[in-house]
Amino acid sequence: MYRGLSNKASVLIFGTILWIAGIMPVSLVAGVEKSESKPAIHSAALASDNTAPVATGSTTDNPLAGTSWRLLAFESMDDAVGLVRPDDPSSYIMRLNRDGTVTMRLNCNFASGTWSAESSDNGESGRFEFGPLAATGAPCSPPSMGQSIAALAKFIRSYVLRDGKLYLSLMADGGIYAWQADHGEPTIAGVPAAPEDGGPRNWEITNISGKLNVRELPSTTARIVAAYKPGTLLDNTMGCGRTEGRIWCEVEQLGGGPRGYVAAEFLTPALSPDGTAATGPDDSALRAVQGRFDAYGTIPCAQALDQPMMQCEFGVARAGGGYATVVVNKPGGRSRAIYFRMGKPIGSDTGRAQKNSKFRASREKDQYIIRIGNERYEIPEAVVLGS
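The sequence shown runs 98 to 484 under my numbering.
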């Protein structure tokens with residue numbers, strides 16, 4: 098179900114490195130040399146200067162297990178920062194799943210990882226930690242709190258439950274994130290769900306001859322924020338709901354764009370290049386950061402304009418439907434993560450603050466040509482989709 102009625106966008110910047118080795122030997126896709134060796138792929142992670150503490154311990158008995166929250170504010174102990182509130186709280190949703198995993202919506206991006214907590218005797222406070230977080234890297238418009246959440250999550254050490262709110266505190270009195278319980282809406286038969294609830298990841302615009310209007314609110318009288326022609330691919334951002342006797346779905350153009358609402362009768366679950374309509378959350382970035390790759394091998398690469406192409410080791414984690422995270426080892430021990438959705442390259446682990454990091458992608462026959470600043474990578478389609 099969709100959770101909010103606003104249309105705000107933000108930017109999520111990440112790209113520092115976690116060093117994770119030990120990839121399970123698997124058979125590679127067609128066109129890539131098979132090997133039973135285990136190359137060390139340096140997996141990219143969300144905003145972490147060092148290896149983040151891995152959350153361990155049981156969560157099933159903790160009162161936080163199975164809860165969902167939306168961000169209210171961040172209060173810094175630094176007067177220069179002070180109190181910061183999101184423009185649209187429904188754009189920042191955190192789900193603490195019973196199996197110890199966490200999924201987050203950070204405006205137009207999604208993050209996943211692990212969490213762990215130990216409660217005090219009354220269950221209303223205790224220790225809290227996140228493990229490594231991994232996320233999509235779609236370009237979004239500022240302002241954003243996604244960057245700070247990603248960067249500071251590894252420093253959260255405790256929680257307090259009070260009056261239906263969850264307070265997550267940073268170590269050394271660094272600040273507090275305040276969250277409001279997000280009860281969402283009950284599932285309605287026949288109404289498409291969000292990917293986190295098993296719904297389709299993407300829509301295709303159909304059943305219309307002209308352009309389909311995207312509205313700021315789920316209403317035919319709401320302001321139009323975008324209009325797309327038939328065949329346009331959209332992200333299913335927060336599922337659908339029934340308003341004014343009609344089913345409306347919250348969407349965003351694949352790869353980024355204005356977020357808003359369209360009538361469900363003009364949407365069909367989009368078929369990816371592998372012929373499937375992908376459902377459920379995309380966990381490829383999380384598995385990549387954990388070193389759980391589906392295949393590995395080498396691809397042509399260059400790190401400078403005047404440099405001849407060489408071979409770089411890679412690992413790829415796939416989530417089906419053309420969703421994949423490709424992590425490439427760069428010379429000097431660093432790495433580059435490249436993200437694919439619906440078989441389309443949509444970004445990398447570079448932020449807009451990094452100079453000379455413009456992301457460009459094209460296609461030549463059966464391979465993607467990726468340029469990130471002066472870097473160049475040639476990735477066969479089979480790496481992304483599988484054999």
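Using N, Cα and C, we set each Cβ at its ideal position, and we do this for glycine too.
Option nearest residue i by Cα separation, candidates the options
| i | options | result |
| --- | --- | --- |
| C409 | L402, Y420, T395 | T395 |
| G483 | I467, V423, K462, T365 | V423 |
| Y465 | N471, F456, I476, K455 | I476 |
| V359 | Q400, A208, G338, D379 | G338 |
| M174 | D446, R224, G272 | G272 |
| A479 | A385, R415, E472 | R415 |
| A367 | L402, T329, K462, E347 | T329 |
| G163 | M191, L169, R182, V288 | M191 |
| A382 | E215, L169, L230 | L230 |
| M406 | P292, N206, G418, K427 | K427 |
| S306 | P327, G295, A291 | P327 |
| N299 | R312, T365, Y264, R254 | T365 |
| F171 | N159, P186, A214 | P186 |
| E341 | P292, A385, L314, T200 | L314 |
| A385 | V348, R433, W276 | R433 |
| G430 | F411, V257, S445 | F411 |
| G377 | Y274, A290, Q350, V413 | A290 |
| T200 | L265, S241, P292 | P292 |
CA-to-CA distance, residue j to residue i, given in whole angstroms
| i | j | result |
| --- | --- | --- |
| L267 | N304 | 50 Å |
| D218 | G440 | 49 Å |
| G228 | T317 | 43 Å |
| Q400 | Y420 | 25 Å |
| F456 | R468 | 6 Å |
| P355 | A323 | 7 Å |
| C321 | T334 | As written in the sequence, residue 321 is Ile, which differs from the Cys given in the question. Using only the alpha carbons, I get a separation of about 18 Å. |
| G372 | P397 | 28 Å |
| E461 | W212 | 42 Å |
| K308 | F363 | 10 Å |
| D332 | V178 | 33 Å |
| G418 | Y325 | 22 Å |
| P442 | I435 | 7 Å |
| E221 | A269 | 21 Å |
| A392 | V181 | 42 Å |
| W485 | L402 | The chain is shown only over 98 to 484; residue 485 falls outside these bounds and no answer can be derived. |
| E472 | V425 | 12 Å |
| P160 | R224 | 12 Å |
| E301 | G336 | 14 Å |
| S454 | L249 | 23 Å |
| W276 | A375 | 30 Å |
Three-way DSSP call (helix, strand, coil) for residue i in this model
| i | result |
| --- | --- |
| K441 | strand |
| I45 | Because the chain is modelled from 98 through 484, residue 45 falls outside the range shown and cannot be assessed. |
| Y465 | strand |
| P186 | helix |
| Q404 | coil |
| F390 | coil |
| E341 | coil |
| A290 | coil |
| M335 | strand |
| G419 | coil |
| I305 | coil |
| G272 | strand |
| E133 | In this prediction, E133 scores a pLDDT of 41, lower than 50, which makes its location untrustworthy; no coordinate-derived value is stated. |
| G119 | Note that G119 scores 29 on pLDDT, short of 50, meaning its location in the model is unreliable and no value can be drawn from it. |
Boundaries (first-last residue) of the alpha helix (DSSP H) holding residue i
| i | result |
| --- | --- |
| V481 | 478 to 482 |
Residue i: first and last residue of the uninterrupted beta strand (DSSP E) it sits in
| i | result |
| --- | --- |
| L168 | 164 to 173 |
| V386 | Here V386 belongs to no beta strand (DSSP E); instead the alpha helix (DSSP H) covers 381 to 386. |
| T198 | 198 to 203 |
| F227 | 222 to 227 |
| E215 | 206 to 216 |
| G430 | Looking at the DSSP string, G430 is not in any beta strand (DSSP E), and its letter there is neither H nor E. |
| A360 | 356 to 360 |
| I321 | 321 to 325 |
| L309 | 309 to 312 |
Strand pairing of residue i, partner residues [DSSP]
| i | result |
| --- | --- |
| L368 | Bridge partners of L368: none, in fact. |
| T376 | P297 |
| K262 | R259, Q277 |
| F411 | G394, V425 |
| R473 | A399, R468 |
| T180 | Correcting the residue identity first, residue 180 is Leu in this sequence and not Thr. Answer is E172. |
| M191 | W166, M201 |
| R457 | R468 |
| I435 | V423, S445 |
| Q350 | L331 |
| A231 | S209 |
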